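J.:
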Amino acid sequence: MVNGDLSSPRGSHSAATSHVEETLQQMNILIKENRELKEALKQTNLSMKERFEGLTVWKEKQKEERSFLESRLEEARQRVHALDSENELLKKRVQELESHTGAGEVRHFTCFFWVHVYLSLRIAELELKLPITESETQTSLPCSTAASASEVENMKTQMMNLFKELQQAQSKLDEAENMKRNLQDRCKDQEQDLGTLRTQLGERQQMQAENDRLKVQLESMQSANKLEQRKAQDERNNLAQLKDAYTKLFEDYNELKEDNKKKEGCVSRDEYADLQARLAAAEQALADKQERIDVMKQEIFQKEKELETISVFQAQAEVYSSDFYAERAAREKIHEEKERLAAQLEFVKKQNTQLQEEMDSLGRQSMSEMQRRHVSRGASPGGSSPHQLQSGRVDWQQQVNIPEHACPKCGEVLPDLDSLQIHIMDCII
């Protein structure tokens, strides 16, 4: 009993140290697994980023290939259209040639050509047979010489006739070739004339479009000019009315002056004061009218300047409107790109949350597995009593005193397991 009592603390101390080592090993294993999971997460993020970049590059290549194929298809269509038009022109030329020369002459020329070929072959054959017939006539009997001589004469006459026909056919063939060359030259001239006419037509169309644009611009400027002329005419009418009123007031002033001079000797002081007041009022009215006339002149001058600057303002307004529409289109594109990137960001966030949940579940499973191993190993050795196990656990806690979320290296206490794993990664590295 005494030996047992003495040996139990040593056993509990060794069990506690072994449990600490096992927990440290398991924590190191968890740290390695966490590091591997982080590396795997980084690799998956990099692979997803590379795949996304590859997809964007593939989309751009597809767009470029599609535009290239569309351009090639359009070029092929234009070529087919050009070939069809050229075929139609050639058909028309053939019809014109047949109408000018006649189908009978064309067939006649072809017949003469084949006759020429046949006659040339026949002449070559007869030239080969001629020495053979001469040798045969020299070696044959005297009775056959006369027949062979007559046959030779007949063949010579046939050859002469064929030669004459050949010359006639050759002359007609030369005439047909000359006619063909002339027709080809005429076709080339007509093609050149057609090209010049097409260029002239294009230039005329451009000039017509430019003329229409200038007409529209001139009409707008004329309408603006008419409006300004109306305003200027109204201002001139007002100025004329003011001038008439000024002249009338000046005449009244002169009359009053003359009346004042006439009545100066015989009027009383009250009448003189009244006349002086009326004279001062008339002079003040004349000064006011003159000021209004000066103001109206300045306004007319300003209006004329504004008429000169209207065209400049219109051009600036067109430039500003084009810049505004271009900027609005660019902002719409940027907004669409932002929405697309936001959708991609939401998708990546969802994937990250899923991976985080998987990592948390793996961490919880590993911790539960570690706790099960710890409980099973603590209950198995040597049939010790529950009191001894409890005393050993208390001694181990008193000796080691490791908190639930404490770093095994620096001993810093952290609130949860995730922050502990991150701190252990940084502390070990």
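Numbering (the UniProt record's numbering), first residue to last: 1 to 429.
A virtual CB, placed ideally from N, CA and C, is assigned to each residue, including glycine.
Every value quoted in this text rests on a predicted model; they were computed, and no experiment measured them.
1. Assuming contact is defined by CB atoms lying nearer than 9 angstroms, are Gly-359 and Leu-30 in contact in what I supplied?
2. Using the beta-carbon count (16 or more within 10 Å), is Gln-421 buried or exposed?
3. Thr-44 to Leu-37, Cα distance in whole Å?
4. How about Leu-279 and Leu-256: do their beta carbons lie closer than 9 angstroms?
5. So what does Val-295 bridge to, in DSSP terms?
6. May I have the straight-line CA-CA distance separating Asp-67 from Lys-61, to the nearest angstrom?
7. Can you give the Cα-Cα distance for Phe-347 and Leu-355, rounded to whole angstroms?
8. Keeping to the same chain, check which residues put their C-beta closer than 8 angstroms to that of Lys-303; ignore five residues upstream and five downstream.
9. From Lys-32 to Gln-365, what distance separates their C-alpha atoms?
10. Could you tell me how far apart the beta carbons of Tyr-253 and Ala-282 are, in whole angstroms, since I believe they sit closer than 8 angstroms?
11. Measure the C-alpha to C-alpha separation of Ile-334 and Lys-63 and round it to an integer number of angstroms.
12. Return the Cβ separation of Leu-24 and Pro-408 in integer angstroms, given the expectation that the two are a contact with Cβ distance under 8 angstroms.
13. Looking only at C-alpha atoms, which of Gly-411, Leu-341, Glu-357, Glu-412 sits nearest to Lys-49?
14. Just to check my reading of the structure: Lys-289 and Ala-245 have Cβ atoms closer than 8 angstroms, yes? What is that Cβ distance to the nearest angstrom?
15. Apart from the five residues just before and just after Arg-292, which ones in its own chain have a Cβ nearer than 8 angstroms to its Cβ?
16. Give every residue of the same chain whose Cβ lies closer than 8 angstroms to the Cβ of Arg-204, excluding the five residues on either side of it in the sequence, and list them in chain order.
17. So, at 8 angstroms on beta carbons, what are the nonlocal neighbours of Ala-285 in its own chain, with the 5 sequence-adjacent residues on each side left out?
18. What do you reckon, are the CB atoms on Gly-363 and Leu-417 nearer than 9 angstroms?
19. Using a 10 Å radius around the Cβ and a threshold of 16 neighbouring Cβ atoms, would you call Pro-381 buried or exposed?
20. Which same chain residues end up closer than 6 angstroms to Val-394 when comparing Cβ atoms and leaving out the 5 residues on each side of it in sequence?
21. Could you check the C-alpha separation between Leu-239 and Gln-217 for me, to the nearest Å?
22. Determine the contact status of Ile-310 and Ala-209, defining contact as a CB-CB distance below 9 angstroms.
23. Figure out for me which residue from Asn-211, Val-20, Leu-46, Gln-26 has the closest Cα to the Cα of Ser-368.
24. Taking its Cβ as the centre, do 16 or more other Cβ atoms sit within 10 Å of Asn-154, making it buried, or is it exposed?
25. Alpha carbon to alpha carbon, what distance is there between Ser-322 and Glu-332?
26. What are the partner residues of Ala-280, as DSSP defines its beta bridges?
T.: In this structure, then:
1. Translated into the one-based positions of the sequence shown, residue 359 becomes position 359. Translated into the one-based positions of the sequence shown, residue 30 becomes position 30. A small correction: the amino acid at residue 359 is Met; Gly does not occupy that position in the sequence shown. In this structure, Leu-30 does not lie closer than 9 angstroms to Met-359 by Cβ.
2. For the purposes of this step, residue 421 is identified with residue 421 of the sequence shown, where counting begins at 1. It counts as buried.
3. To locate residue 44, count along the sequence shown from 1; it is residue 44. To locate residue 37, count along the sequence shown from 1; it is residue 37. Separation of Thr-44 and Leu-37 (C-alpha to C-alpha, rounded to the nearest whole angstrom) is 10 angstroms.
4. Within the sequence shown, the letter at position 279 stands for residue 279. Within the sequence shown, the letter at position 256 stands for residue 256. Closer than 9 angstroms, so yes.
5. Along the sequence shown, one-based indexing puts residue 295 at 295. None; Val-295 has no bridge partner.
6. The count along the sequence shown starts at 1 and reaches residue 67 at position 67. The count along the sequence shown starts at 1 and reaches residue 61 at position 61. Checking the sequence, you will find Ser at residue 67 rather than Asp. Cα atoms of Ser-67 and Lys-61: separation of roughly 10 angstroms, rounded to the nearest angstrom.
7. Here residue 347 corresponds to residue number 347 of the sequence shown, with the count starting at 1. Here residue 355 corresponds to residue number 355 of the sequence shown, with the count starting at 1. Their backbone Cα atoms lie some 12 angstroms apart in a straight line.
8. On the sequence shown, residue 303 is found 303 positions in, with the first residue counted as 1. Cβ neighbours of Lys-303 beyond the five flanking positions: Glu-228, Lys-231, Ala-232, Glu-235.
9. Against the sequence shown, residue 32 aligns to sequence position 32. Against the sequence shown, residue 365 aligns to sequence position 365. Going by the C-alpha atoms only, they are around 15 angstroms apart.
10. Along the sequence shown, one-based indexing puts residue 253 at 253. Along the sequence shown, one-based indexing puts residue 282 at 282. Sure, about 5 angstroms apart at Cβ, within 8 angstroms.
11. Position 334 of the sequence shown holds residue 334. Position 63 of the sequence shown holds residue 63. Rounded to whole angstroms, the gap between the alpha carbons of Ile-334 and Lys-63 is 19 angstroms.
12. Counted from its first residue, the sequence shown places residue 24 at position 24. Counted from its first residue, the sequence shown places residue 408 at position 408. With a Cβ gap of about 6 angstroms, Leu-24 and Pro-408 count as contacting.
13. As a first step, residue 49 is located in the sequence shown; it is residue number 49 there, counting from the start. Relative to Lys-49, the option among Gly-411, Leu-341, Glu-357, Glu-412 whose CA is nearest is Leu-341.
14. Taking the sequence shown and counting its residues from 1, one reaches residue 289 at position 289. Taking the sequence shown and counting its residues from 1, one reaches residue 245 at position 245. Right, their Cβ atoms sit about 6 angstroms apart.
15. Start at 1 with the first residue of the sequence shown, and residue 292 comes out as number 292. Within the same chain, Leu-242 come within 8 angstroms of Arg-292 by CB-CB distance, once the 5 residues on both sides are set aside.
16. One-based indexing of the sequence shown puts residue 204 at position 204. Excluding residues within five positions, none has a Cβ falling inside 8 angstroms.
17. Your numbering for residue 285 matches position 285 in the sequence shown. Leaving aside the five residues that flank Ala-285 on each side, the residues in its chain whose CB is nearer than 8 angstroms to its CB run, in chain order, Leu-249.
18. For the purposes of this step, residue 363 is identified with residue 363 of the sequence shown, where counting begins at 1. For the purposes of this step, residue 417 is identified with residue 417 of the sequence shown, where counting begins at 1. Here Gly-363 is near Leu-417, since their CB atoms are less than 9 angstroms apart.
19. Looking up residue 381 in the sequence shown gives position 381. Here the model assigns Pro-381 a pLDDT of 43, short of 50, so the residue's position is not dependable, and the following value carries that caveat. Pro-381 is exposed by the Cβ-count criterion.
20. Numbered from its first residue, the sequence shown carries residue 394 at position 394. Confidence at Val-394 is low in this model, with a pLDDT of 41, below 50, so its placement is unreliable and the value that follows should be read with caution. Taking C-beta separations shorter than 6 angstroms and ignoring five residues to either side along the sequence, Val-394 has no partners in its chain.
21. On the sequence shown, residue 239 is found 239 positions in, with the first residue counted as 1. On the sequence shown, residue 217 is found 217 positions in, with the first residue counted as 1. Computed Cα separation, rounded: 32 angstroms.
22. The count along the sequence shown starts at 1 and reaches residue 310 at position 310. The count along the sequence shown starts at 1 and reaches residue 209 at position 209. Taking 9 angstroms as the Cβ cut-off, Ile-310 and Ala-209 do not qualify as a contacting pair.
23. What you label residue 368 is simply residue 368 of the sequence shown in a count that begins at 1. When each option's Cα is compared against that of Ser-368, the closest is Gln-26.
24. Stepping through the sequence shown from its first residue, residue 154 is reached at position 154. Only exposed fits Asn-154, as fewer than 16 other CB atoms lie within 10 angstroms of its CB.
25. Within the sequence shown, numbered from 1, the residue matching residue 332 stands at position 332. Within the sequence shown, numbered from 1, the residue matching residue 322 stands at position 322. Going from the Cα of Glu-332 to the Cα of Ser-322 covers about 15 angstroms.
26. Within the sequence shown, residue 280 is the residue found at index 280, counting from 1. Bridge pairing for Ala-280: absent [DSSP].
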